[in-house]
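K.L.:
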Amino acid sequence: MALDTKYRPRTFSDVVGQEQTLAVLKEFVRSGAGFHQSYLFCGAFGSGKTTMARILARALLCDAPVNGEPCDQCPSCLSILSSGVSDSFTEFDAATNSGKDAIKSLTDTLLYDSFSGKRRIFLIDEAHRLSKDALDALLKPMEDTLPGSEDKIMVCIFCTTEPEKMRNTIFSRCAPAFMIRQVTPERLADRLEYVCKAESIPYDRQALVLIGEVTECHIRDALKAIEGISMLGTVDVANTSS
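Residue numbering for the sequence shown follows the numbering used here, starting at -12 and increasing by one per position.
#1: Using CA atoms only, rank isn't needed, just tell me which of 88, 33, 37, 51 is closest to residue 17.
#2: Buried or exposed: where does residue -6 fall if 16 or more other Cβ atoms within 10 Å of its Cβ makes it buried?
#3: By how many angstroms is the C-alpha of residue 38 removed from the C-alpha of residue 3?
#4: Once the 5 residues before and after residue 33 are set aside, which same chain residues still bring their CB inside 7 Å of it?
#5: Based on Cα-Cα distance, which residue from 200, 12, 19, 22 lies nearest to residue 28?
#6: Kindly indicate which three-state DSSP category residue 123 falls into: helix, strand or coil?
#7: Can you check DSSP and say which residues form a bridge with residue 76?
#8: In or out: residue 189 buried (at least 16 other Cβ within 10 Å) or exposed?
#9: I'd like to know if residue 170 contacts chain C, where contact means its C-beta is closer than 7 Å to some C-beta of that chain.
#10: Which residues in the same chain have their Cβ closer than 7 Å to the Cβ of residue 174, if we skip the five residues on either side of it in sequence?
#11: Alpha carbon to alpha carbon, how far is residue 125 from residue 69?
#12: I need the boundaries of the beta strand (DSSP E) containing residue 27, first residue and last residue.
#13: For residue 53, verify whether its CB is less than 6 Å away from any heavy atom of the ligand SAH.
#14: Exposed or buried, what is residue 184 when buried is set at 16 or more other beta-carbons lying within 10 Å of its beta-carbon?
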């Protein structure tokens, strides 16, 4: 299994940095208030916003969250972990499905599909690519409960690299936008050091910091770099520079 897949964070505690954002998200889950609004994650490519959105979705749908974290043992958690979907969770790529018809096909499932949970979560990646009509189609379902079932609520989790292209009407229906900042090379090196030790990959610390700088602190890219460099032997400055 590729390192960037094997060491992708599964819980909030696995996420590098973002302490303030994580504290707020876990409190939403702990308090039970997490379904009272939708969410918007903004950040550069590779900053971890989609990974955090997936963890949030699992935590909100979890049968028995632990201190705001998904338990990863209940049927909902296991379904999302194994296949990326469940009958209460759908991940949607707006980069390839940006029109109103694509969104309507999602919202129609709220009316006609049966699902075991009392909630339905849509994770919409590259959300800035949605058309105006598609965004309009989301506004009312984001506010309303389902006809005839007041305890079934739809939550959208938007992820975008270009929040300036999102409409104010979407911002107003979300919790305060979460800006996912790039970690420092030193902080990223801590995570890479953990991975190298776990995988018995020889390394020196300076090389790990350099990898953070070269990859602009994109954690996924840094793990791919570690995997490639390790094939040459030790992850050191000589191999990294070459």
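Here a beta-carbon is modelled for each residue, glycine too, at the ideal position from N, C-alpha and C.
P.N.:
On the basis of the data shown:
#1: 51
#2: buried
#3: 11 Å
#4: 205, 206, 207, 208
#5: 12
#6: helix
#7: 73, 108
#8: exposed
#9: Included in the structure is just one protein chain, with no chain C present.
#10: 3, 4
#11: 28 Å
#12: 26 to 30
#13: Absence of the ligand SAH from the depicted structure is noted, as is the absence of any ligand whatsoever, leaving it without description.
#14: exposed
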